[in-house]
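Novice: Okay, here's the structure, questions in a sec.
In the working numbering, the protein residues as written are 848 to 967.
Here it is in structure tokens:
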């Protein structure tokens, strides 16, 4: 579990890049549509940072070649990207946002957290 920030420090429509350590790639965390999402930060088409992309609803557009990724599933929705990016579980505990990096090698189930969600 990696602490990201207090939920009020990541306003709606914004993103942040976090380093997850040597075991996994950097992770992009987004706050959109009233929820938080985390995906691998590197576009699966080329090495652009998705946290620098344009956010529209539950989609982020890669700033390099405009590939579009669904934050809920990691799936690309248009070319040039063909491969999905991994999603990571997000939780909110006592107003703090945490990412739980996945160790999966193939993207799987979508995972996200609403701001009011708390884990005991």
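Think of the CB as a built atom: it goes at the ideal place given N, C-alpha and C, for glycine as much as any other residue.
If I measure Cβ to Cβ from residue 888 and keep anything under 7 Å in the same chain, skipping five residues before and after, which residues do I get?
Specialist: One-based indexing of the chain shown puts residue 888 at position 41. Only 864, 872, 873, 874, 875, 896, 897 and 898 meet the Cβ criterion.
Novice: Buried or exposed for residue 929, please, with buried defined as at least 16 other CB atoms from any protein chain shown within 10 angstroms of its CB.
Specialist: Taking the first residue of the chain shown as 1, we reach residue 929 at position 82. Exposed, since its Cβ has fewer than 16 Cβ neighbours within 10 Å.
Novice: Evaluate residue 934 with the Cβ neighbour count: other Cβ atoms within 10 Å of its Cβ, from every protein chain shown; 16 or more gives buried, anything less gives exposed.
Specialist: The residue you call residue 934 lines up with position 87 of the chain shown. The residue is buried, with at least 16 neighbouring Cβ atoms inside 10 Å.
Novice: Assuming contact is defined by CB atoms lying nearer than 9 Å, are residue 902 and residue 883 in contact in what I supplied?
Specialist: The residue labelled residue 902 in the question sits at position 55 within the chain shown. The residue labelled residue 883 in the question sits at position 36 within the chain shown. Going by C-beta atoms, residue 902 is not nearer than 9 Å to residue 883.
Novice: Would you give the residue range spanned by the beta strand (DSSP E) that residue 854 belongs to?
Specialist: Start at 1 with the first residue of the chain shown, and residue 854 comes out as number 7. Careful: residue 854 lies outside any beta strand (DSSP E) and carries neither H nor E.
Novice: Keeping to the same chain, check which residues put their C-beta closer than 6 Å to that of residue 908; ignore five residues upstream and five downstream.
Specialist: Within the chain shown, residue 908 is the residue found at index 61, counting from 1. Within the same chain, residue 908 has close Cβ partners 900, 901 and 915.
Novice: Using the three-state DSSP reduction, which class does residue 944 fall into: helix, strand or coil?
Specialist: Translated into the one-based positions of the chain shown, residue 944 becomes position 97. Reduced to three states, the DSSP call for residue 944 is strand.
Novice: What is the rounded straight-line gap between the Cα of residue 867 and the Cα of residue 932?
Specialist: Residue 867 sits at position 20 when you count from the first residue of the chain shown. Residue 932 sits at position 85 when you count from the first residue of the chain shown. Approximately 15 Å, taken between the alpha carbons.
Novice: Which residues in the same chain as residue 948 place their Cβ atom closer than 7 Å to its Cβ, once the five residues preceding and following it in sequence are excluded?
Specialist: The sequence position of residue 948 within the chain shown is 101, counting from 1. Taken in chain order, the residues that qualify are 849, 867, 871, 874 and 935.
Novice: How close, in whole Å, do the beta carbons of residue 879 and residue 905 come, if the pair is a contact with beta carbons under 8 Å?
Specialist: Reading the chain shown from its first residue, position 32 is the one you call residue 879. Reading the chain shown from its first residue, position 58 is the one you call residue 905. Right, the Cβ-Cβ distance comes to about 6 Å (below 8 Å), so this counts as a contact.
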